[in-house]
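K.L.:
I have a structure here, written as structure tokens, and I will follow up with some questions on it.
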Amino acid sequence: MAKNKMFLSKAILLCILGVIFMFIFSGLQSDQINIVQTFVTEKGGGWSSVQTQLPMTVGNFVCIILTFVYGSLFIKFGVKKPLIAVLVITAVGVLGIAGANGLDCNGGAASGNYILYSISMFVVRCGCMILQMAGFQLVANWFIRYRGQIMGIVTMGSPLFSVIGTSVMTSFISKRLGGDYRIFYVGIAIIIVILCIITAVGIKDTPEEAGLYPDGADHAPTSEAVEEVKLSIGQILRQGKAWKLIISFGAFQFTIAACMGSMAVYYMSLGGQDVWLGAVKWLAMGAILGIPVSYVFGLIDDKLGSVKASLILGITELIPVLALMLQPQGGSVPLMILWGFGVACMTGGVPTLHPCITSYAYGRKEYQSANRIIMTIQLIPYSFAAMMMITLISAGKANAAFSILLVVIIIGIIATASMLKMKDANASDRLYGDK
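Those letters in the sequence shown? Residues 55 to 489, per the numbering used here, in order.
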């Protein structure tokens, strides 16, 4: 790859954009609710945690349909055109969240516009989904041999948000801005606009459009057909490997949504905002230690294959759940550190390996045809994961909530293990294809 200077320059830009895509996606998809619920509280005169979570939950369900729609748009129009159009709308929604106010420091609900907040949060949740899908599609298009490692670099954006977005910004907003997060959202909107401009002029949907081949090779991949294969819904749903993918990574994604969407509410239930702000510090430290894990998972994927890498991921998903489940009243620093590291493994590993294992099963040409259907079904349970957790935690049933997550993870591990004999669709073009 490094020998082809033109490809290398495109690859570097794609990696940078991919990291930012995942940073913004991770924040707007679920992590931001922890910032909102820190500074908009019922106790402080603002909206309740259920009220602030509701538009995001509704958006989660709408994203079930939008996942299929976005994937279909990618197949018909390519990645860039739908991506830019949706991001412009998303930027407007981000500004709407800032404009809705309702912050405790500004007088709570009396100063806010809940209708504007709800519409804006809903739009942002629905729009940010395309960032992840576009980033994954671009990596799948441009890389086969080094797919795992590049995906590992790109998905570092997710744990980075745990550090910079959730942790640093929460502390900064609390200590320096007096609890007013509006400037944070204005900054995100500006970044989104810049992303649109760079995407429009800097990248191509596929290496072939730039006169190149995947991985900077001097020949077309030997493991795939010339034309893209457009699988129908019926064809996908009749395949056993599709259902194994749906169950395995459906379980792993459910766990992410459940943990990330409820951790602020859970920690505050252990002793108020002070416990949560203390946990945020350790989240940052643990997440920093875990950022390289994204790349490690990608490297394992390239060396050993996606199924074995995904089995390791499933085991690491137990870490943040157990660390939360065992937290005593008032919080435990060692468990907070373990939780922070587990969050980084989870938020870095799942995004890295989800597109990798889908490409492993279907190859570069069939990736989006299969992905749009598989992800659509996976989002059904994902959509109510955070609300389920918040409801149970608010009812004093946190242990029951975390027990459910442990069962879900075990089911995911079993489904992943059942794919050990599945062959890589692009095996002859992968690193281990040389052996």
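Ideal Cβ positions, reconstructed from N, Cα and C, are used throughout, including at glycine.
A quick note: this is a predicted structure, and the numbers were derived from the prediction, not measured.
Taking 8 Å as the threshold, find out whether the stretch 100–115 comes into contact with the stretch 167–184 through three or more Cβ pairs.
P.N.:
Because the criterion of three Cβ pairs below 8 Å is met, the stretch 100–115 and the stretch 167–184 touch.
K.L.:
Using only alpha-carbon positions, find the residue among 438, 346, 300 and 153 that is nearest to residue 315.
P.N.:
Along the sequence shown, read from residue 1 onward, the residue named residue 315 stands at position 261. The candidate whose alpha carbon is nearest that of residue 315 is 438.
K.L.:
Quick one: what's got a C-beta closer than 6 Å to residue 414's C-beta in the same chain, skipping five residues either side?
P.N.:
Indexing the sequence shown from 1 puts residue 414 at position 360. Excluding residues within five positions, the ones whose Cβ falls inside 6 Å are 360 and 478.
K.L.:
Under the rule that 16 or more other beta-carbon atoms within 10 Å means buried, what is residue 388, buried or exposed?
P.N.:
Looking up residue 388 in the sequence shown gives position 334. The residue in question, residue 388, is exposed, as its Cβ has fewer than 16 Cβ neighbours within 10 Å.
K.L.:
Going by CA-CA distance only, name the one from 59, 204, 398 and 374 that's closest to residue 463.
P.N.:
Sequence index remark: in the sequence shown, residue 463 carries index 409 (1-based). Out of 59, 204, 398 and 374, 374 has the C-alpha closest to the C-alpha of residue 463.
K.L.:
Can you tell me which of 400, 461 and 125 puts its alpha carbon nearest to the alpha carbon of residue 137?
P.N.:
One-based indexing of the sequence shown puts residue 137 at position 83. The candidate whose alpha carbon is nearest that of residue 137 is 125.
K.L.:
Scan the stretch 85–144 and note each continuous alpha helix (DSSP H) run of 4 residues or more that stays entirely inside, going in chain order.
P.N.:
Runs found: 86–93 and 103–131.
K.L.:
Give me the Cα-Cα distance between residue 244 and residue 145, rounded to the nearest whole angstrom.
P.N.:
By 1-based counting over the sequence shown, the position of residue 244 is 190. By 1-based counting over the sequence shown, the position of residue 145 is 91. Taking the straight line from one Cα to the other gives about 8 Å.
K.L.:
For the alpha helix (DSSP H) containing residue 496, name the first residue and the last one.
P.N.:
Residue 496 falls outside the range modelled here, since the chain spans only 55 to 489, and no answer is possible.
K.L.:
Given residue 183, which residues of its chain have a CB within under 8 Å of its CB, disregarding the five upstream and five downstream residues?
P.N.:
Locating residue 183 in the sequence shown gives position 129, counting from the first residue. So the list reads 79, 83, 117, 120, 121 and 124, once near-sequence residues are dropped.
K.L.:
From which residue to which residue does the alpha helix (DSSP H) around residue 369 run?
P.N.:
If you number the sequence shown from 1, residue 369 lands on position 315. Unbroken alpha helix (DSSP H) run through residue 369: 360–370.
K.L.:
Using a Cβ-Cβ cutoff of less than 6 Å, which residues in the same chain neighbour residue 202 once the five nearest sequence positions on both sides are dropped?
P.N.:
As a first step, residue 202 is located in the sequence shown; it is residue number 148 there, counting from the start. These residues qualify, in order along the chain: 352, 355, 356 and 410.
K.L.:
Cα-Cα, which of 90, 106 and 295 is closest to residue 412?
P.N.:
Position 358 of the sequence shown, counting from 1, holds the residue named residue 412. Comparing Cα-Cα distances from residue 412 to each of 90, 106 and 295, the minimum goes to 295.
K.L.:
Identify the continuous alpha helix (DSSP H) that holds residue 388 and give its terminal residues.
P.N.:
Residue numbering aside, residue 388 sits at position 334 when the sequence shown is read from its first letter. Segment 387–436, the alpha helix (DSSP H) holding residue 388.
K.L.:
For a test of the three-state rule: what should DSSP assign to residue 235, helix, strand or coil?
P.N.:
Counting from one through the sequence shown, the residue named residue 235 turns up at place 181. Residue 235 falls in the coil class under three-state DSSP.
K.L.:
Can you list the beta strand (DSSP E) stretches of 3 or more residues lying completely in the stretch 167–223, in chain order?
P.N.:
Counting whole runs of 3 or more residues, the stretch 167–223 contains no beta strand (DSSP E) stretch at all.
K.L.:
Please return the same chain residues whose Cβ sits closer than 7 Å to the Cβ of residue 366, not counting the five positions on each side in sequence.
P.N.:
For the purposes of this step, residue 366 is identified with residue 312 of the sequence shown, where counting begins at 1. Cβ within range, chain order: 354.
K.L.:
Could you please give the first and the last residue of the uninterrupted alpha helix (DSSP H) stretch that includes residue 444?
P.N.:
By 1-based counting over the sequence shown, the position of residue 444 is 390. Note, residue 444: alpha helix (DSSP H), 439–448.
K.L.:
What did DSSP end up calling residue 257 once you bin it into helix, strand or coil?
P.N.:
Position 203 of the sequence shown, counting from 1, holds the residue named residue 257. Residue state, collapsed to three classes: coil.
K.L.:
If I follow the unbroken alpha helix (DSSP H) through residue 307, where does it start and stop?
P.N.:
Working through the sequence shown from its first residue, we reach residue 307 at position 253. From DSSP, the alpha helix (DSSP H) with residue 307 extends over 294–314.
K.L.:
If residue 372 and residue 446 are in contact, beta carbons under 8 Å, what's the gap, nearest whole angstrom?
P.N.:
The count along the sequence shown starts at 1 and reaches residue 372 at position 318. The count along the sequence shown starts at 1 and reaches residue 446 at position 392. Incorrect: roughly 19 Å between the Cβ atoms, too far for contact.
K.L.:
Does the stretch 160–174 come close enough to the stretch 216–228 that 3 or more CB-CB pairs lie under 8 Å?
P.N.:
Short answer: they don't touch.
K.L.:
Can you grab the Cα-Cα spacing for the pair residue 76 / residue 129, in whole Å?
P.N.:
Position 22 of the sequence shown holds residue 76. Position 75 of the sequence shown holds residue 129. Each residue's alpha carbon lies about 21 Å from the other.
K.L.:
Where do the N-terminal and C-terminal ends of the alpha helix (DSSP H) with residue 76 fall, by residue?
P.N.:
Your numbering for residue 76 matches position 22 in the sequence shown. Unbroken alpha helix (DSSP H) run through residue 76: 59–80.
K.L.:
Would DSSP call residue 328 helix, strand or coil?
P.N.:
Here residue 328 refers to the residue found at position 274 when the sequence shown is read from its first residue. Three-state result, residue 328: helix.
K.L.:
Taking one C-beta from the stretch 146–164 and one from the stretch 233–241 each time, how about it: are there three or more such pairs within less than 8 Å?
P.N.:
Segments in contact, yes.
K.L.:
Out of curiosity, what's the CA-to-CA distance linking residue 214 and residue 186?
P.N.:
In the sequence shown, the residue the question calls residue 214 occupies position 160. In the sequence shown, the residue the question calls residue 186 occupies position 132. Using only the alpha carbons, I get a separation of about 15 Å.
K.L.:
Do you know whose CA, among 309, 222, 416 and 133, lies nearest residue 289's CA?
P.N.:
Sequence index remark: in the sequence shown, residue 289 carries index 235 (1-based). That would be 416, whose Cα lies nearest to the Cα of residue 289.
K.L.:
If we count the other Cβ atoms within 10 Å of its Cβ and call it buried at 16 or more, is residue 62 buried or exposed?
P.N.:
Walking along the sequence shown from the start, residue 62 turns up at place 8. So residue 62 ends up on the exposed side.
K.L.:
Taking residue 267 as part of the alpha helix (DSSP H), name the residues at either end of that continuous run.
P.N.:
Walking along the sequence shown from the start, residue 267 turns up at place 213. Here residue 267 belongs to no alpha helix (DSSP H), and DSSP marks it neither H nor E.
K.L.:
Whole angstroms are fine: how far does the CA of residue 401 sit from the CA of residue 87?
P.N.:
Here residue 87 corresponds to residue number 33 of the sequence shown, with the count starting at 1. Here residue 401 corresponds to residue number 347 of the sequence shown, with the count starting at 1. Roughly 16 Å between the two C-alpha positions.
K.L.:
Does the beta-carbon distance from residue 221 to residue 338 come in below 8 Å?
P.N.:
As a working mapping, residue 221 is identified with position 167 in the sequence shown. As a working mapping, residue 338 is identified with position 284 in the sequence shown. For residue 221 and residue 338, yes; Cβs fall inside 8 Å.
K.L.:
Is residue 66 buried or exposed, if buried means 16 or more other CB atoms sit within 10 Å of its CB?
P.N.:
In the sequence shown, the residue the question calls residue 66 occupies position 12. So residue 66 counts as exposed.
K.L.:
Can you look up residue 384 in the DSSP assignment and give me helix, strand or coil?
P.N.:
By 1-based counting over the sequence shown, the position of residue 384 is 330. Reduced to three states, the DSSP call for residue 384 is coil.
K.L.:
Measure the alpha-carbon distance for residue 74 versus residue 370 and round it to whole angstroms.
P.N.:
Here the question's residue 74 lines up with position 20 in the sequence shown. Here the question's residue 370 lines up with position 316 in the sequence shown. So the alpha carbons of these two residues sit roughly 25 Å apart.
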